[in-house]
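Undergrad:
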Amino acid sequence: MHDKRFDPARAARLDDEKRSRELPLAALFERLGDLKGQRWAELGAGTGFATLPLATAVGPAGRVWAVDVEPRMVKLLRARLRREQRFNVETVCAPAEQLPLSDASLDGVLGVICWHELDDRGAALAECRRLLRGSGRLVLVDWLHRDDTGADLPGSGPSNAHRLRLAAVADELTGAGFNVELRRDCFFAHYVAIGHKV
Ligand SMILES: C[S@@+](CC[C@H](N)C(=O)[O-])C[C@H]1O[C@@H](n2cnc3c(N)ncnc32)[C@H](O)[C@@H]1O
Numbered sequence: 234m235h236d237k238r239f240d241p242a243r244a245a246r247l248d249d250e251k252r253s254r255e256l257p258l259a260a261l262f263e264r265l266g267d268l269k270g271q272r273w274a275e276l277g278a279g280t281g282f283a284t285l286p287l288a289t290a291v292g293p294a295g296r297v298w299a300v301d302v303e304p305r306m307v308k309l310l311r312a313r314l315r316r317e318q319r320f321n322v323e324t325v326c327a328p329a330e331q332l333p334l335s336d337a338s339l340d341g342v343l344g345v346i347c348w349h350e351l352d353d354r355g356a357a358l359a360e361c362r363r364l365l366r367g368s369g370r371l372v373l374v375d376w377l378h379r380d381d382t383g384a385d386l387p388g389s390g391p392s393n394a395h396r397l398r399l400a401a402v403a404d405e406l407t408g409a410g411f412n413v414e415l416r417r418d419c420f421f422a423h424y425v426a427i428g429h430k431v
């Protein structure tokens with residue numbers, strides 16, 4: 234495991250209830266419009282912080298593939314999905330850079346606090362392009378680099394050295410063939426990047 238990757242021994246921190254106040258994801262999904270019946274993959278799903286509101290947003294007719302490279306996280310997520318009786322989520326233990334999902338099969342790909350951790354974002358972007366249908370969207374939520382914000386949450390999140398500058402996020406998405414919309418107004422200390430296939 235490299236030093237950017239979240240340590241599964243700290244998994245309980247991901248379920249800290251203050252995160253729902255810092256990152257009210259249900260509100261973000263509402264802003265994305267009606268997702269009912271849609272098919273989404275979630276990269277770096279962890280213990281399901283974003284998976285559960287996404288599964289609610291797509292509803293019983295939709296489906297979420299919750300991806301994580303770390304088997305211990307997938308095990309925790311599976312147990313949670315069973316406990317909460319979520320039947321529209323499938324877990325996938327795989328790297329975001331190489332996913333066992335079909336071409337043009339998804340309406341959306343979501344990544345919450347995982348983009349800065351990936352080993353090869355270029356390969357992950359190529360996978361997202363492959364998996365998304367023409368009108369599909371890539372939605373990334375991650376910590377703002379301190380040079381891009383005056384609104385940090387001290388003591389939380391990854392070290393600044395691991396955070397990505399907004400300009401770099403935009404350049405990488407554009408270079409991979411996405412039109413990108415960057416938003417800093419959805420959350421206090423996190424950006425949202427929405428990519429549409431060009
Ligand atoms: C900081 S955690 C965030 C988890 C969850 N999205 C949340 O917000 O609570 C980042 C997750 O990304 C996963 N991850 C890191 N690199 C990955 C990769 N290349 N492919 C898939 N998952 C990855 C880690 O195992 C970890 O569970």
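Heads up, the sequence shown is in this note's numbering, so the first residue is 234 and it goes up one at a time. Heads up, the beta-carbon is just placed ideally off N, CA and C, and yes, glycines get one too.
Pop quiz: Gly-355 and Ala-409 are said to be a contact at Cβ under 8 angstroms. What is the actual Cβ separation, rounded to whole angstroms?
TA: Confirmed, Cβ separation roughly 7 angstroms.
Undergrad: Would the beta-carbon of Leu-373 fall within 8 angstroms of that of Ala-426?
TA: Taking 8 angstroms as the Cβ cut-off, Leu-373 and Ala-426 qualify as a contacting pair.
Undergrad: Run through the DSSP bridge pairs and tell me what Asn-321 is partnered with.
TA: Note: Asn-321 sits in no beta bridge, so no partner.
Undergrad: Could you pull out every residue in the same chain whose Cβ sits closer than 8 angstroms to the Cβ of Val-342, ignoring the five residues on either side in sequence?
TA: Answer for Val-342: Trp-273, Ala-274, Glu-275, Leu-276, Cys-361, Leu-364, Leu-365, Gly-369, Arg-370, Leu-371, Val-372, listed in chain order.
Undergrad: Smallest Cα separation from Ala-186: which of Val-322, Pro-387, Gly-390?
TA: Since the first residue of the chain shown is 234 and the last is 431, residue 186 is not available in this structure.
Undergrad: Taking all protein chains shown into account, do 16 or more other C-beta atoms lie within 10 angstroms of the C-beta of Gln-318, making it buried, or fewer, making it exposed?
TA: Its Cβ having fewer than 16 others within 10 Å, Gln-318 is exposed.
Undergrad: For ligand 1, I want to know if Gly-277 counts as a neighbour, meaning its beta carbon is within less than 7 angstroms of at least one of the ligand's heavy atoms.
TA: Under cutoff, so the answer is yes.
Undergrad: What is the DSSP secondary structure of Leu-334, counted as helix, strand or coil?
TA: Coil, per DSSP.
Undergrad: In angstroms with no decimal places, state the Cα-to-Cα distance between Trp-298 and Gly-344.
TA: Each residue's alpha carbon lies about 12 angstroms from the other.
Undergrad: Do the stretch 300-320 and the stretch 241-260 make contact, defined as three or more Cβ pairs closer than 8 angstroms?
TA: Flag = yes, the stretch 300-320 and the stretch 241-260 touch.
Undergrad: For the candidate residues Leu-334, Asp-336, Ala-288, whose alpha-carbon lies nearest to that of Arg-313?
TA: Checked all of Leu-334, Asp-336, Ala-288; the closest Cα to Arg-313 is Ala-288.
Undergrad: Quick check on Phe-320: buried or exposed, where buried means 16 or more other Cβ atoms within 10 Å of its Cβ?
TA: Per the 10 Å Cβ criterion, exposed.
Undergrad: Quick one: grab the DSSP three-state call for Asp-340.
TA: Of the three classes helix, strand and coil, the one that applies to Asp-340 here is strand, per DSSP.
Undergrad: At the level of alpha carbons, what is the spacing between Ala-294 and Ala-283?
TA: The straight-line gap from Cα to Cα measures roughly 18 angstroms.
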